[in-house]
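Residue numbers (the numbering used here): 4 to 517.
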């Protein structure tokens, strides 16, 4: 037996009274989180959810995320975490593609009405038989007509549950990723994948008596999910939740909650340096902070140096993908960290640089990064051809081009073809292009990333209008905003009469970048 829910259960047995999650004035102990997760597991089994069934979860960084996440796992079901910025159309696609039989959806806010979008998305998916609306106040009535709230559903559920004995190779989590092109694909990650990656984080970060994590990375993303929630719960850490990153709030929480561990993307570190220190006890933060981790994109050396100067902590960079659970390489503590490097392979993982035919490239040359180890996914859900293309003899080809120095440290030379990383989120141009092409005035479009000081990259669309049709940049941006998740839609639109192409009609995006 191996079940990822043991990361919570073991700590609840050892440290029942310790705070597991903190959000504002709300503090929930490990015993309380575990009991609530048991209620979710009982709720699911009573509704006919069986081991191996998929259950989707759309939830911000609030205590209900780990409660529902581990409750699904306890029932032997598979968690399908969804990005909270998805719109109804996108939600419906993910629910249908995953075959989710139940869906837990946070109500959101006036600015981000996730509950309403989720309800609409779920209505059109026949296989999704159960919809549970997560309200901030569990006793509040449902603001959506006919929608059942999780609070009301859990009220009669028992806080005792015997966790289903899943096997190491059983699927635990499905994380959606587009790779580099096409529709989002579900990467199937086993209990062994997720547990071993979390335990390896313990080796990387060190296990202390009591870590306090500031969690501002979205928990639906593999970075926050493994590196902070699963790894943190496995050591009895306290997770201080920040649903929406704001540098002032982040620093205030670091000081107030005596935070020892912070993980973020480069833009977060950049933002922290821009905060006035007048009302922030920087010395207290620096005295408590023992570990800072960065991923998602290369951290500029200047920011790394300034973080060390201001907060007294050395930021350690790593690399991984949803398909690798996610951590694959890291700048290991106890060894020299190399700025700009993604470090060396983690325990139990091997890395190669290969050419298009899976052959190793000559020493010193750049090649595509391939990864093999306990962290590599089982495959893409329902897509055997895509799985076969990505995995060969256990090696997963990432699509990222890297190089290796004489000391065995790896560096990213170029990202996967055309992918845009905006504020740490992957944006896949083809998906955006396909949506834009449904606009009545758009004839042809090319989407790519352009440099942006704060977000790293911004999404830009080069558009050819249909003859006789008129649409302004503002009109098109607003239309995109209504039809795509907030991190995806292009903020920049440039109209052109033609786009550069090859003789076969393929758009030459590299010429648009010049």
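We put the beta carbon where it would ideally sit given N, CA and C, even for glycine. None of the values given here were measured: they were computed from a predicted structure.
Return the chain-ordered list of same chain residues with a C-beta closer than 8 Å to the C-beta of residue i, the five sequence neighbours on each side being excluded.
| i | result |
| --- | --- |
| residue 309 | 276 |
| residue 20 | 32, 33 and 34 |
| residue 229 | 197, 200, 201, 204, 328, 329 and 330 |
| residue 506 | Unreliable positioning characterises residue 506 in this predicted model, as indicated by a pLDDT of 44, which lies under 50. The coordinate reading is nonetheless provided below. Closer than 8 Å at Cβ, skipping near neighbours: no residue. |
| residue 438 | 483, 486 and 487 |
| residue 468 | 444, 445, 446, 474 and 498 |
| residue 252 | 245 |
Measure how close the beta-carbons of residue i and residue j come, nearest whole angstrom, since I'm counting them as under 8 Å.
| i | j | result |
| --- | --- | --- |
| residue 217 | residue 262 | 5 Å |
| residue 10 | residue 169 | That belief does not hold up - the Cβ atoms of residue 10 and residue 169 are roughly 13 Å apart, past 8 Å. |
| residue 432 | residue 423 | 7 Å |
| residue 72 | residue 109 | Not quite, the Cβ-Cβ distance comes to about 12 Å (not below 8 Å), so this is no contact. |
| residue 141 | residue 121 | Contact doesn't hold; Cβ gap of about 17 Å is too wide. |
| residue 116 | residue 79 | About 32 Å separates the two Cβ atoms, so there is no contact after all. |
| residue 40 | residue 74 | 4 Å |
| residue 399 | residue 374 | 5 Å |
| residue 174 | residue 12 | Not a contact, Cβ separation roughly 19 Å. |
| residue 59 | residue 83 | 4 Å |
Alpha carbon to alpha carbon, how far is residue i from residue j?
| i | j | result |
| --- | --- | --- |
| residue 3 | residue 48 | With the chain running from 4 to 517 in the structure shown, residue 3 is simply not present. |
| residue 500 | residue 441 | 19 Å |
| residue 86 | residue 124 | 13 Å |
| residue 303 | residue 343 | 7 Å |
| residue 434 | residue 186 | 6 Å |
| residue 106 | residue 354 | 37 Å |
| residue 345 | residue 301 | 8 Å |
| residue 77 | residue 503 | 53 Å |
| residue 214 | residue 70 | 20 Å |
| residue 256 | residue 360 | 49 Å |
| residue 183 | residue 129 | Only weak support is given to the placement of residue 183: the predicted model assigns it a pLDDT of 42, under 50, and the value that follows is read from those uncertain coordinates. Cα-Cα distance, rounded: 29 Å. |
| residue 364 | residue 370 | 6 Å |
| residue 352 | residue 397 | 11 Å |
| residue 28 | residue 241 | 14 Å |
| residue 319 | residue 151 | 44 Å |
| residue 90 | residue 223 | 15 Å |
| residue 244 | residue 457 | 23 Å |
| residue 390 | residue 405 | 22 Å |
Leaving aside the five residues before and after residue i along the sequence, list all residues of the same chain whose C-beta is less than 6 Å from its C-beta, in chain order.
| i | result |
| --- | --- |
| residue 42 | 157, 160 and 162 |
| residue 341 | 412 |
| residue 15 | 33, 34 and 37 |
| residue 272 | 306 and 310 |
| residue 274 | 250 |
| residue 131 | 98, 103, 106 and 125 |
| residue 323 | 329, 330 and 331 |
| residue 95 | 124, 127 and 128 |
| residue 492 | 483 and 484 |
| residue 508 | The predicted model places residue 508 with a pLDDT of 49, which falls under 50 and marks its position as unreliable; any figure quoted below should be read in that light. Within the same chain, residue 508 has no close Cβ partners at all. |
With the cut-off set at 9 Å, would you say residue i and residue j are in Cβ contact?
| i | j | result |
| --- | --- | --- |
| residue 378 | residue 450 | no |
| residue 479 | residue 445 | yes |
| residue 209 | residue 17 | no |
| residue 225 | residue 297 | no |
| residue 372 | residue 384 | no |
| residue 290 | residue 267 | no |
| residue 517 | residue 92 | no |
| residue 180 | residue 459 | no |
| residue 403 | residue 512 | no |
| residue 137 | residue 62 | yes |
Spatial neighbours of residue i within its chain, please: C-beta separation below 7 Å, excluding the five flanking residues on both sides.
| i | result |
| --- | --- |
| residue 247 | none |
| residue 172 | 193 and 195 |
| residue 46 | 156, 157 and 160 |
Continuous beta strand (DSSP E) assignments of at least 3 residues falling wholly in the stretch 200–258: Secondary structure in the stretch 200–258: the beta strand (DSSP E) runs of 3 residues or longer, each lying completely within the stretch, are 215–218 and 241–244 in chain order.
Just to confirm the assignment: which complete alpha helix (DSSP H) runs, minimum length 4, are found wholly within the stretch 111–158? Whole alpha helix (DSSP H) segments, 4+ residues: 117–126 and 153–157.
Uninterrupted alpha helix (DSSP H) stretches inside the stretch 476–502 (no shorter than 4 residues): Runs of the alpha helix (DSSP H) inside the stretch 476–502: 476–486.
Length-filtered (4 minimum) alpha helix (DSSP H) runs lying within the stretch 428–466: Fully enclosed alpha helix (DSSP H) runs of 4 or longer: 432–439.
Residue ranges of each beta strand (DSSP E) run of no fewer than 3 residues wholly in the stretch 342–369, ordered along the chain? Whole beta strand (DSSP E) segments, 3+ residues: 352–357.
Can you list, in chain order, the stretches of the beta strand (DSSP E) that have 3 or more residues and sit fully within the stretch 382–422? Runs of the beta strand (DSSP E) lying entirely within the stretch 382–422, each at least 3 residues long, are 398–407 and 413–417 in chain order.
Where are the beta strand (DSSP E) runs, 3 residues long or more, that stay fully inside the stretch 296–325, in chain order? The stretch 296–325 contains these whole beta strand (DSSP E) runs: 318–323.
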